[in-house]
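**Q**
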Amino acid sequence: MGHEASKPTPGTKLRVMGAGLPRTGTASFSKALEILLGGPIYHGGTQNYEWFVLDRISDITNGYAAITGAPGHCFVPELMRIYPDAKVIYTVRDPDAWDKSIDAIATASLQWYLRFILFPVSPMRYFSRYLDTLAAGRWAELYDTSGKPTMHVGVQVWERHIERLREVVPADKLVFFDVRDGWEPLCKALGCNVPQNIEFPQINERAAIESFATEQVRQCLIRWVIIFSTSVIVIGPWKVWLG
2 MGHEASKPTP GTKLRVMGAG LPRTGTASFS KALEILLGGP IYHGGTQNYE WFVLDRISDI
62 TNGYAAITGA PGHCFVPELM RIYPDAKVIY TVRDPDAWDK SIDAIATASL QWYLRFILFP
122 VSPMRYFSRY LDTLAAGRWA ELYDTSGKPT MHVGVQVWER HIERLREVVP ADKLVFFDVR
182 DGWEPLCKAL GCNVPQNIEF PQINERAAIE SFATEQVRQC LIRWVIIFST SVIVIGPWKV
242 WLG
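First residue of the sequence shown? That's 2 in our numbering, and the numbers climb one at a time after it.
1) Buried or exposed, going by whether 16 or more other CB atoms sit within 10 Å of the CB of F53?
2) Express the C-alpha separation of D97 and D56 in angstroms, rounding to a whole number.
3) Among all the DSSP beta bridges, which residues are the ones paired with I90?
4) Okay, do the stretch 77–94 and the stretch 172–181 touch, 3+ Cβ pairs below 8 Å being the bar?
5) Taking G64 as the reference, which of L222, Y84, V17 and D182 has the closest Cα?
6) Does the beta-carbon distance from I42 to S29 come in below 7 Å?
7) Do you know how far the Cα of I58 is from the Cα of R16?
8) How many Å lie between G183 and C75 at the Cα?
9) Could you tell me whether the Cβ atoms of G21 and T27 are closer together than 7 Å?
10) Taking the beta carbon of I61 as the centre, do at least 16 other beta carbons fall within 10 Å, making it buried, or is it exposed?
11) Count the other CB atoms within 10 Å of the CB of M2; is the residue buried (16 or more) or exposed (fewer)?
12) Hey, quick one: how far does the alpha helix (DSSP H) through P186 stretch, first residue to last?
13) If we ignore side chains and look at the alpha-carbon of each, how far apart do C193 and V77 end up?
14) Taking the alpha helix (DSSP H) that D60 falls in, what are its first and last residues?
15) Here's the rule: buried if 16 or more other CB atoms are within 10 angstroms of the residue's CB, otherwise exposed. What is M152?
16) In the DSSP assignment, find the alpha helix (DSSP H) that holds V195 and state where it starts and stops.
17) Would you mind working out which of E200, G19, A33 and H44 sits nearest S7, comparing C-alpha positions?
18) Going straight from the alpha carbon of D100 to that of R167, what length do you get?
19) Short check: CB of T10 to CB of G40, under 7 Å?
20) Quick one: Cα of D1 to Cα of P186, how far?
Below is the structure:
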């Protein structure tokens, strides 16, 4: 604790939870606790969060053969540290087509009323918060979108992402892959044999997302109907009795 991050001591039991807000003397308070309790103090203002991020990513990805999509693409350097032998494969398409596609998905996903509609069903109730956190956090940090109303800010995100990948990923580990090219380039990059008598998957991602979203909204609306119906059944007799 102090100007350098403290390190935990195995077997030490937490005895105090400091509930004070930042800038209320927490550094002095932490040092005092260190003296009194004879153990390391986890002080948020001086901790190194790198180990925390790496541990969380390691926990999330443990047991999987690959990670694709968000939020994995935002943590490529961290994933490379955990899995140094893994390939980094960037799926490409026409930037303008991507721009239009991501704009449509982002616009539909960030409608204000979704917070209300999705609330009755877990884990969908956290979907809007997840998007808000991603947009205001690592996405904004990497793609300079801070202050923008949505995660979508045009082709500049596409260009910045490729630029960043070239900066952090060694050339021999970075592969650009277009799914329209099928099995051969992907298998070559991974050192795998081309699957026999199996066509390369052709999934309409936008249609799949829209289908999934429609079903989730339907389930949530059904849940709301049940909630309101139950409320009427329970509250109705009470109104009659009190009236």
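Cβ atoms here follow ideal geometry from the backbone N, Cα and C, with glycine treated the same way.
This structure is a prediction, so every number in the text was calculated from the model and none was measured.
**A** Checking against the coordinates, here is how it stands:
1) So F53 ends up on the exposed side.
2) It is roughly 36 Å from the alpha-carbon of D56 to the alpha-carbon of D97.
3) Bridge partners of I90: V176.
4) Per the Cβ contact rule, the stretch 77–94 is in contact with the stretch 172–181 (3 or more Cβ pairs under 8 Å).
5) Ranked by how close their Cα comes to the Cα of G64, the residues L222, Y84, V17 and D182 have Y84 in first place.
6) No; because the gap between Cβ atoms is not below 7 Å, this pair is not in contact.
7) Whole-angstrom Cα-Cα distance: 28 Å.
8) Roughly 25 Å between the two C-alpha positions.
9) Closer than 7 Å, so yes.
10) With fewer than 16 Cβ atoms within 10 Å of its Cβ, I61 is classed as exposed.
11) For M2, the predicted structure reports a pLDDT of 43, less than 50, and the residue's modelled location is therefore unreliable. The matter cannot be settled from this model.
12) That run of the alpha helix (DSSP H) goes W184 to L191.
13) Distance between the alpha carbons of C193 and V77: 23 Å.
14) From DSSP, the alpha helix (DSSP H) with D60 extends over E51 to T62.
15) Low per-residue confidence applies at M152: pLDDT is 47, beneath 50, and the placement is therefore not dependable enough to give any value.
16) Neither: V195 is in no alpha helix (DSSP H) and is coded neither H nor E.
17) Closest by C-alpha distance to S7, out of E200, G19, A33 and H44, is H44.
18) Our two residues, D100 and R167, have alpha carbons roughly 21 Å apart in a direct line.
19) Yes, the Cβ-Cβ distance between T10 and G40 is below 7 Å.
20) Because residue 1 is not part of the residues shown, which for the chain are 2 to 244, the question remains open.
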